[in-house]
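Residue numbers (the numbering used here), protein chains in the order written: chain B, 59 to 256; chain L, 59 to 256. Where a beta carbon is used, it is the ideal one built from N, C-alpha and C, also for glycine. Predicted model, so just to flag it, every value in this text is computed and none were measured. Only one structure is covered here, and it is reproduced in the block below.
2 protein chains.
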Amino acid sequence: MRKSADEAQQTRERIVAAGVMQSSVEGLFGLTLGPLAESLGMSKAGVVGPFGNREGLQLEVVRQAADMFTAAVIEPSATTADGLPRLRALIDAWCEYLEASPFPNGCFVTAASCELDGRPGPLRDAMHDVVSRWRGFLREHITIAQAAGDLRGDPDDLVSILNGAAMSANQEIQLLGDHAAAKHARRIMHACIAQLQP
Amino acid sequence: MRKSADEAQQTRERIVAAGVMQSSVEGLFGLTLGPLAESLGMSKAGVVGPFGNREGLQLEVVRQAADMFTAAVIEPSATTADGLPRLRALIDAWCEYLEASPFPNGCFVTAASCELDGRPGPLRDAMHDVVSRWRGFLREHITIAQAAGDLRGDPDDLVSILNGAAMSANQEIQLLGDHAAAKHARRIMHACIAQLQP
DNA sequence: TCCTTTAGTGGACGATCGTTCGCTAAAAGA
DNA sequence: TCTTTTAGCGAACGATCGTCCACTAAAGGA
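Written out as structure tokens, the structure reads:
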């Protein structure tokens with residue numbers, strides 16, 4: 059019955075991965091142990107055991123989803139030069155992520171942000187960190203581009219506009235079924251950048 | 059025990075109003091009959107009775123929230139001239155709505171859109187209608203402004219940008235606790251408009 | 001005044017929720 | 001080889017979920 063230590067680690071990862079999928083559709087508070095256990099062919103106790111309780115699993119799901127966002131949006135541009143070139147690469151990967159999402163129901167970060175923003179606790183704190191770190195990262199590359207003389211305008215304005223364009227596109231894709239929304243957002247974001255060039 | 063017919067109508071409205079408040083914080087799927095009934099000093103059966111079942115109540119909650127959005131954002135500009143003036147008035151009311159929301163947890167439409175976009179059914183359909191009607195309304199006044207020669211650019215681009223700025227501001231206010239976000243969004247939206255004037 | 005209608009109560013229903021605990025059996029160390 | 005550790009199972013727990021139904025009592029029409 060018992061598995062070796064690194065098989066146990068694989069089990070952990072399988073649970074979290076399945077949890078991310080279920081949460082993407084049903085929400086983090088729609089992540090229930092019964093259906094999750096059944097989809098994994100495990101018992102409820104076996105599913106929640108490695109994380110202590112349900113909230114521990116939810117926290118791990120948030121962390122994993124954040125890692126998947128990073129892998130899809132940030133990492134592809136890791137070798138691109140900082141500042142404006144990196145910003146352009148980030149926009150491309152971001153819009154690609156919106157269209158061909160690693161989650162079954164679009165941007166997990168946007169969904170979890172809306173779901174958790176009125177419910178104090180460790181989950182909300184974790185999402186606060188994820189969002190503010192991402193926005194800070196975006197802002198950093200905007201200021202680098204400005205220091206290089208490649209960009210004008212208020213960095214916070216651009217962060218809000220780019221972030222907003224992504225959130226709007228996510229709504230257009232997921233709720234309204236607009237398949238062109240990602241390309242649309244990509245064009246809008248690049249136009250905003252172009253307009254702010256000296 | 060029994061109330062008169064229009065007192066029954068008042069009861070209906072009290073239930074829906076309390077449902078909107080609970081859903082704003084806990085989500086539409088976090089709208090549970092037990093706590094709702096207790097907050098109203100009623101029995102569970104009395105709360106759900108007028109709506110048939112829980113989903114009927116949820117639908118009524120969505121409709122009421124949409125009406126509250128309309129009352130807060132659209133109606134204040136009802137007497138303003140169509141096109142660009144109306145667009146400017148809409149932006150002001152919209153950002154005022156984001157800051158001093160009639161809901162306890164920020165923009166109900168954004169939250170419900172994210173919660174429902176992956177869950178087929180009448181609730182999702184209702185939210186689809188609400189969002190696409192609002193975007194259509196926005197787009198209409200943009201095209202009116204363009205026909206009057208007051209505005210340039212693609213109407214859909216502007217709809218996405220304005221909508222995105224509002225969603226981003228909602229996140230900044232509700233998740234990140236940025237109290238200046240509404241004014242920030244107002245400035246961004248007006249700047250976008252100004253930039254598109256001939 | 002009597003009768004029908006109906007808003008709302010209260011309790012019970014089976015289902016499902018997250019959690020707990022004793023147990024099994026294989027891995028890892030002695 | 002013998003012992004300890006631990007991944008995961010299976011059953012049970014009390015709580016809460018949405019729904020249902022018999023009942024009460026006041027409103028409104030005859």
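query, result
"Euclidean distance between Cα positions of residue 217 of chain B and residue 125 of chain B", "21 Å"
"Cβ-based neighbour list, residue 207 of chain L, same chain, cut-off 8 Å, excluding 5 preceding and 5 following", "256"
"Cβ-Cβ separation, residue 233 of chain L to residue 185 of chain B (assumed contact under 8 Å), whole Å", "7 Å"
"Cα-Cα separation, residue 246 of chain L to residue 136 of chain B", "30 Å"
"Pair within 7 Å by beta-carbon distance, residue 226 of chain L and residue 221 of chain B", "yes"
"Simplified DSSP state of residue 165 of chain L, which is helix, strand or coil", "coil"
"CA nearest to the CA of residue 166 of chain B, picked from B:96, B:142, B:131, B:239", "B:131"
"Chain L contacts made by the region 223-247 of chain B, where a contact means CB separation under 9 Å", "223, 224, 225, 226, 227, 228, 229, 230, 231, 232, 233, 234, 235, 239, 242, 243, 245, 246"
"Beta carbon of residue 210 of chain B nearer than 7 Å to that of residue 254 of chain B", "yes"
"Contacts that residue 219 of chain L makes with chain B (C-beta to C-beta distance below 9 Å)", "219, 222, 223, 226, 246, 250"
"Contact set for residue 139 of chain B: own chain, Cβ-Cβ below 6 Å, skip 5 residues either direction", "none"
"Segments of 4+ residues assigned as alpha helix (DSSP H) that fall wholly inside the region 180-247 of chain L", "180-205, 213-232"
"Contact list for the region 161-189 of chain B against chain L, Cβ threshold 8 Å", "162, 163, 164, 168, 169, 171, 172, 173, 174, 175, 176, 177, 182, 185, 186, 189"
"Endpoints, the alpha helix (DSSP H) within which residue 255 of chain B is located", "From DSSP, residue 255 of chain B is part of no alpha helix (DSSP H); its letter is neither H nor E."
"Under 9 Å (Cβ pairs) to chain L, residues found in the region 67-94 of chain B", "82, 83, 84, 85, 87, 88"
"Nonlocal neighbours in the same chain, by C-beta distance under 8 Å from residue 151 of chain B, ignoring five residues either side", "130, 131, 132, 134, 135"
"Alpha carbon of residue 59 of chain B to alpha carbon of residue 110 of chain B, nearest angstrom", "With a pLDDT of 44 at residue 59 of chain B, under the threshold of 50, the modelled position of that residue is not reliable, and the figure given next carries that caveat. If you take the alpha carbons of residue 59 of chain B and residue 110 of chain B, they lie about 21 Å apart."
"Close-in-space but distant-in-sequence residues of the same chain around residue 214 of chain B (CB under 8 Å, 5 per side omitted)", "197"
"Partners in chain B for residue 215 of chain L, counting only beta-carbon separations shorter than 7 Å", "246"
"Reference residue 148 of chain L; option with closest CA among L:103, L:200, L:172", "L:200"
"Selection from B:251, B:157, B:72, B:219 that minimises the alpha carbon distance to residue 118 of chain B", "B:72"
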